[in-house]
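**Student:** In this note's numbering, the protein residues as written are 1497 to 1631. Beta carbons are placed, not taken as given, at the ideal position from N, Cα and C, and that holds for glycine. Predicted, not measured: the structure shown is a model, and the values here were computed from it. First the structure, then my questions, so here it is.
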Amino acid sequence: MIERVHEHIIKELGENTRTDTIFVLTAIILNLITLGINSGIASGGGNATTTILLFTFVALLLIVNLVAEIGLIRGRQTRKKLLDGVLKMYKDQGVEGYYDPSLLSDYRTRYNLFMFAVLFTGLIALIVPFVLWVK
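Right, here's the structure in full:
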């Protein structure tokens, strides 16, 4: 039975990793695409239609980045719970020496870097078009 629980936790960790990858890639790709579109709109001058488009893409950018950040926060929490369970299981089985608990802080750092990358590209995609627009 313990093997099935272990397999299930490992499967959940894999799903967690794939989901986090989707959040990060989607947000960063959208940020870069939005940066290009809004920069083109902003540098081309503005009429009512282009202004509406610019703010529509800004709203999309904000929503997708918010969802990605919340998803990454929840993913980090889920990974910690799963790994805590694995560590407890390893301890109960007497094999805890084979897993370094410091990996938990490494995962936390990785999540923080992912969140920073999403936030930073989002801010650039938000600020640059408005700088071009005001110019």
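Residue range of the alpha helix (DSSP H) that E1592 falls in?
**Tutor:** Run containing E1592: none; DSSP gives neither H nor E here.
**Student:** Could you give the first and the last residue of the continuous alpha helix (DSSP H) run that contains G1536?
**Tutor:** Taken as a continuous stretch (DSSP letters only), the alpha helix (DSSP H) holding G1536 covers 1498-1539.
**Student:** When you compare only the Cα positions, how much space is there between I1529 and T1545?
**Tutor:** Cα to Cα, the separation comes out at about 19 Å.
**Student:** What's the gap between the Cα of L1516 and the Cα of L1556?
**Tutor:** Here residue 1516 turns out to be Asp, not Leu, going by the sequence shown. Whole-angstrom Cα-Cα distance: 19 Å.
**Student:** Below 8 Å, can you find three or more Cβ-Cβ pairs linking the region 1520-1539 to the region 1594-1607?
**Tutor:** Not touching, per the Cβ criterion.
**Student:** Compare the beta carbon distance of T1552 and N1512 with 9 Å and say whether it is the shorter of the two.
**Tutor:** Contact flag unset, no.
**Student:** With distances taken between CB atoms, is the gap from L1615 to E1565 smaller than 9 Å?
**Tutor:** In this structure, E1565 lies closer than 9 Å to L1615 by Cβ.
**Student:** Flag this pair as yes or no: are the beta carbons of L1579 and Y1603 separated by less than 9 Å?
**Tutor:** Result yes, Cβ atoms of L1579 and Y1603 sit closer than 9 Å.
**Student:** Determine the direct distance from the alpha carbon of W1629 to that of G1541, and round the result to whole angstroms.
**Tutor:** Whole-angstrom Cα-Cα distance: 7 Å.
**Student:** Expressed to the nearest angstrom, what Euclidean distance is found between the alpha-carbon atoms of R1570 and V1627?
**Tutor:** Computed Cα separation, rounded: 33 Å.
**Student:** Assuming I1505 contacts G1581 (C-beta within less than 8 Å), just tell me the rounded distance between them.
**Tutor:** So it is a contact: roughly 6 Å between Cβ atoms.
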